[in-house]
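Student: In the numbering used here, the protein residues as written are 8 to 256. Just so you know, even glycine gets a beta-carbon here, dropped at the ideal spot from N, CA and C.
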Ligand SMILES: Cc1cc2nc3c(=O)[nH]c(=O)nc-3n(C[C@H](O)[C@H](O)[C@H](O)COP(=O)(O)OP(=O)(O)OC[C@H]3O[C@@H](n4cnc5c(N)ncnc54)[C@H](O)[C@@H]3O)c2cc1C
């Protein structure tokens, strides 16, 4: 883990309030694993860095995707090509590779770290979103890296109507593991289906965090191995350890 001063190569909107940020960061790209994240110092007036999942590490570039939700991400959206950003990373453990083909299952901004997993692992993707507009740019981002793309939309405006958990039981027979990132309620449902079918499942959490280095404990979660820090011990956990037993509901 290091601090890098990196140049912005592009920072462009790809959907409503969602931006793709590309950074010239060869050293960071070389040492990052899928599932890890970076902490971005958005501007001097922000004491806390903002965490974002690494979405791509090819060609000496690091990409992230972010949704504008507050002051930090709004400020980030105003950065222009040629500006420099102070980045801490790569942080966290990342996904553990496994044999066979992996089914990636993501919703919302949880799809960002899964894009990096699609780059690095033999995988297909199940994308969930509320509407067509929310998922089509993800579809084109994943297309070069996977063989199959499955899509569900809550409103039925694109592909299958419903949640990823409605489609998952029909397709998981072809895979040796499931990796998921997105809203916790979605990940819990995905984990239940995977574990019921005896498939290993890794879940990536995006808890609010402050230091990102394991010092402040603000992002701790309960696991069957005791309290764990999402920033340091995670963000990726074995689903059995966080959602196993009666935690699956
Ligand atoms: C490990 C990790 C990886 C992440 N990866 C991504 C990513 O790839 N893309 C992306 O868009 N976002 C990601 N996030 C969430 C992102 O860090 C927050 O959205 C961002 O810090 C908000 O900053 P802000 O100053 O704009 O908003 P703030 O003013 O801090 O908050 C505005 C709103 O956003 C909500 N919010 C803030 N932090 C989080 C969070 N961690 N999770 C959920 N809601 C939050 C707040 O509850 C509040 O409602 C990740 C978070 C973590 C912990």
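Identify which residue in 97, 183 and 22 has its Cα closest to the Cα of residue 37.
Tutor: Closest option to residue 37, Cα to Cα, is 97.
Student: Could you please give the first and the last residue of the uninterrupted alpha helix (DSSP H) stretch that includes residue 192?
Tutor: 191-203 is the span of the alpha helix (DSSP H), which, as asked, contains residue 192.
Student: In the stretch 90-122, which residue ranges form an unbroken beta strand (DSSP E) of at least 3 residues, counting only runs that do not cross its ends?
Tutor: Qualifying beta strand (DSSP E) stretches, in chain order: 91-98 and 109-114.
Student: With a threshold of 7 angstroms (Cβ to nearest heavy atom), would residue 76 be considered close to ligand 1?
Tutor: Yes, Cβ of residue 76 sits closer than 7 angstroms to a heavy atom of ligand 1.
Student: Please report the straight-line C-alpha distance between residue 12 and residue 201, rounded to a whole angstrom.
Tutor: Near 40 angstroms, if we compare the C-alpha coordinates of residue 201 and residue 12.
Student: Does the stretch 150-170 come into contact with the stretch 76-93, if we say contact requires no fewer than three beta-carbon pairs (one atom in each stretch) closer than 8 angstroms?
Tutor: Short answer: they don't touch.
Student: Please work out which residues of its chain come closer than 6 angstroms, Cβ to Cβ, to residue 207, disregarding the five sequence neighbours upstream and downstream, and give them in chain order.
Tutor: Excluding residues within five positions, the ones whose Cβ falls inside 6 angstroms are 184.
Student: For the stretch 135-154 against the stretch 217-226, are there 3 or more C-beta pairs whose distance is under 8 angstroms?
Tutor: Touching, no, given that fewer than three Cβ pairs across the two stretches are closer than 8 angstroms.
Student: Among the residues of its own chain, which have a CB less than 7 angstroms from the CB of residue 176, if the five just before and after it don't count?
Tutor: Hits under 7 angstroms: 200.
Student: Kindly list the residues whose CB is nearer than 8 angstroms to the CB of residue 17, restricted to its own chain and excluding five residues on each side of it in sequence; keep chain order.
Tutor: Excluding positions up to five away in sequence, the list reads 27, 28, 29 and 88.
Student: Is it the case that the Cβ atoms of residue 131 and residue 108 are separated by a distance below 8 angstroms?
Tutor: In this structure, residue 108 lies closer than 8 angstroms to residue 131 by Cβ.
Student: Of the choices 31, 229, 246 and 155, whose alpha-carbon is the least far from that of residue 110?
Tutor: Out of 31, 229, 246 and 155, 155 has the C-alpha closest to the C-alpha of residue 110.
Student: For residue 78, name the three-state secondary structure that DSSP assigns.
Tutor: Of the three classes helix, strand and coil, the one that applies to residue 78 here is helix, per DSSP.
Student: Give a single yes or no on whether residue 233 has its beta carbon closer than 7 angstroms to a heavy atom of ligand 2.
Tutor: As far as ligands go, the structure on display features ligand 1 and does not contain ligand 2.
Student: Taking 6 angstroms as the limit between beta carbons, can you name the residues of its chain near residue 66, skipping five residues before and five after?
Tutor: Contacts found: none.
Student: Identify whether residue 34 lies in helix, strand or coil by the three-state DSSP scheme.
Tutor: Correct three-state label for residue 34: helix.
Student: Residues in the same chain with beta-carbon distance under 6 angstroms from residue 100, minus the five sequence neighbours each way, listed in chain order, please.
Tutor: Same-chain partners within the cutoff: 243.
Student: Could you check if residue 14 is buried or exposed, using at least 16 other CB atoms within 10 Å of its CB as the buried criterion?
Tutor: Residue 14 is exposed by the Cβ-count criterion.
Student: For residue 256 and residue 21, I'd like the C-alpha separation in whole angstroms.
Tutor: Residue placement at residue 256 is flagged as unreliable, the pLDDT there being 46, under the threshold of 50; the coordinate-derived value follows with that caveat. The straight-line gap from Cα to Cα measures roughly 36 angstroms.
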